[in-house]
Amino acid sequence: MSNVRNVAVVGAGSWGTALALHLARKGLHVGLWGRDGDHVRSMQAEGCNARYLPDVPFPETLKATSDLEGLVDRADRVLLAVPSSGFGPVLQRIAPRLGSGGLIWATKGLDLDTTRWLHELVLEELGTDRPWGVASGPSFAGELARGLPTALTLASPDSDFAEDAMAWLAGGTLRVYTSDDVVGVQLGGAFKNVLAIAAGVSDGLGFGANARAALITRGLAELMRLGAATGARTETLMGLSGLGDLVLTCTDNQSRNRRLGMALGQGQSLEEAIAAIGQAVEGVSTARIAVAKASALGVDMPICGQVARVLFEQLPPTVAVEELLSRDPKPEF
20 MSNVRNVAVV
30 GAGSWGTALA
40 LHLARKGLHV
50 GLWGRDGDHV
60 RSMQAEGCNA
70 RYLPDVPFPE
80 TLKATSDLEG
90 LVDRADRVLL
100 AVPSSGFGPV
110 LQRIAPRLGS
120 GGLIWATKGL
130 DLDTTRWLHE
140 LVLEELGTDR
150 PWGVASGPSF
160 AGELARGLPT
170 ALTLASPDSD
180 FAEDAMAWLA
190 GGTLRVYTSD
200 DVVGVQLGGA
210 FKNVLAIAAG
220 VSDGLGFGAN
230 ARAALITRGL
240 AELMRLGAAT
250 GARTETLMGL
260 SGLGDLVLTC
270 TDNQSRNRRL
280 GMALGQGQSL
290 EEAIAAIGQA
300 VEGVSTARIA
310 VAKASALGVD
320 MPICGQVARV
330 LFEQLPPTVA
340 VEELLSRDPK
350 PEF
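Using the working numbering, read the sequence shown as starting at 20 and increasing by one per residue.
Dropping the structure here:
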């Protein structure tokens with residue numbers, strides 16, 4: 020990483036800010052782009068992201084900006100961390116300016132309009148000349164921002180690029196493992212959010228630890244079936260970006276998806292729950308994609324299907340659980 024001095028982090032939400040803080044503490048000069056001009060001016064004036072991480076001050080080497088094109092032009096490396104709903108439009112803006120340093124993204128989700136994997140959008144915009152990779156794993160923004168130990172998987176089809184990215188991204192309290200299973204890493208990071216909503220619903224209904232453990236385990240079985248149909252490797256889904264992220268988001272209230280499910284289980288409407296959380300809840304939009312992909316591929320994903328019905332068909336959570344429990348008995352494997 021000797022030639023990496025300036026890093027652009029695109030996306031000033033909690034996750035992008037946490038990554039920017041980590042990189043700045045490593046001694047890199049980091050520019051953090053936000054699309055909301057008022058938010059950027061607030062960060063510049065207050066020296067922190069008061070909206071999402073108010074208790075973590077910016078190091079001197081971290082500067083907020085609203086000049087996306089200028090930021091990318093000056094950067095040796097670019098890290099994209101916007102919600103999946105904004106991934107495509109932002110990618111289109113920065114793609115012409117990306118140099119040989121390529122692109123890493125830390126967005127968990129799929130393209131909402133086309134249900135495509137994000138790496139398919141990247142290939143379409145970057146072609147095969149510029150390298151890319153995706154970082155995912157069990158990672159709450161607040162913990163990384165406060166310097167607590169965190170581990171991610173970075174997947175890229177280019178092993179040299181993955182090694183380079185690991186060198187400038189990892190260090191301090193962040194450990195990074197490399198992989199070439201791009202689909203597997205994205206699958207785990209996206210669809211675990213739907214299962215976290217299910218776990219939250221169960222806990223919101225007061226169903227206890229037994230039910231939560233069963234949902235996590237059977238949810239993992241759904242991920243494995245979808246992974247087999249899409250070419251993801253089993254070991255990836257049993258690793259950090261699969262099982263690791265699934266356990267994290269299903270069991271801790273820092274997870275926005277879990278909190279949404281709990282609110283639904285306690286009788287709140289979807290609109291009320293989203294408004295109370297005040298940030299993007301990726302599992303809501305991903306639930307539609309999960310149902311569509313499962314149907315297209317002939318994959319049985321009953322938990323994800325019931326989550327979608329609760330979210331979009333006003334199925335009462337108690338009825339959703341009753342229907343899951345009344346399914347015909349079958350062998351576990």
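Glycine residues also receive a C-beta, built at the ideal position from the N, C-alpha and C atoms.
Sort out for me which residues DSSP pairs residue i with in a bridge.
i, result
"VAL195", "LEU171"
"ARG123", "Strictly speaking, residue 123 in this sequence is Ile, with Arg absent from that position. ILE123 is bridged to LEU98, GLY152."
"TRP52", "VAL29, THR84"
"ASN68", "LEU72"
At what residues does the beta strand (DSSP E) containing residue i begin and finish?
i, result
"LYS45", "Note, LYS45: premise wrong, no beta strand (DSSP E); not H, not E."
"ASP74", "72-76"
"GLY152", "151-155"
"LYS211", "Taken as a continuous stretch (DSSP letters only), LYS211 belongs to no beta strand (DSSP E), being part of the alpha helix (DSSP H) at 201-223."
If you count every other CB in all the chains shown that lies within 10 Å of the CB of residue i, and 16 or more means buried, which is it?
i, result
"ASN229", "exposed"
"ALA251", "buried"
"ARG112", "exposed"
"THR305", "buried"
"ALA64", "exposed"
"ARG60", "exposed"
"SER103", "buried"
"ALA294", "exposed"
"ARG346", "exposed"
"ALA186", "exposed"
"SER154", "Note on identity: in this sequence residue 154 is Ala, with Ser being the wrong assignment. Per the 10 Å Cβ criterion, buried."
"LYS45", "buried"
"THR253", "exposed"
"ASP222", "buried"
"ASP92", "exposed"
"LYS349", "exposed"
Compare the C-alpha of residue i against each of the options and name the closest.
i, options, result
"ALA313", "THR134, ILE235, ASP179, PHE159", "THR134"
"THR80", "CYS67, GLY105, GLY50, GLN63", "GLY50"
"GLY207", "ALA217, THR268, PRO73", "THR268"
"VAL266", "GLU139, ARG24, ARG231", "ARG231"
"VAL101", "GLY190, ALA27, LEU117", "ALA27"
"LEU98", "ASN25, VAL201, ARG307, PHE210", "ASN25"
"ASN212", "ASP92, LEU262, THR147, GLN333", "LEU262"
"ASP148", "LEU122, ILE308, GLN285", "LEU122"
"GLY280", "LEU193, PHE226, THR253", "PHE226"
"ARG210", "VAL109, SER221, ARG307", "Arg is not the amino acid found at residue 210; the sequence shown has Phe there. The option with the nearest alpha carbon to PHE210 is ARG307."
"THR337", "LEU245, ALA217, LEU42, PRO78", "ALA217"
"MET257", "GLU301, MET320, MET243, ALA248", "MET243"
"ASP264", "GLY238, ALA282, LEU289", "GLY238"
"ASP74", "LEU40, PHE106, GLY53", "LEU40"
"LEU87", "ASP55, GLN285, SER158", "ASP55"
Taking residue i as part of the alpha helix (DSSP H), name the residues at either end of that continuous run.
i, result
"ASN25", "First-last for ASN25: 25-29, but that is the beta strand (DSSP E), not the alpha helix (DSSP H)."
"ARG187", "The residue you asked about is not Arg; residue 187 is Trp in the sequence shown. Note, TRP187: alpha helix (DSSP H), 178-188."
"THR249", "227-249"
"LYS349", "Segment: none, LYS349 is in no alpha helix (DSSP H) and carries neither H nor E."
"THR84", "Counting along the chain, THR84 falls outside any alpha helix (DSSP H), though it belongs to the beta strand (DSSP E) covering 81-84."
"LEU259", "Looking at the DSSP string, LEU259 is not in any alpha helix (DSSP H), and its letter there is neither H nor E."
"GLY56", "56-65"
"ARG278", "275-284"
"GLY107", "103-113"
"THR268", "264-270"
"LEU163", "160-164"
"ALA299", "Per DSSP, ALA299 belongs to no alpha helix (DSSP H) and is neither H nor E."
"LEU140", "137-145"
- Could you tell me which uninterrupted alpha helix (DSSP H) segments, each at least 4 residues in length, are contained entirely in the stretch 311-343, listed from first to last along the chain? 321-331
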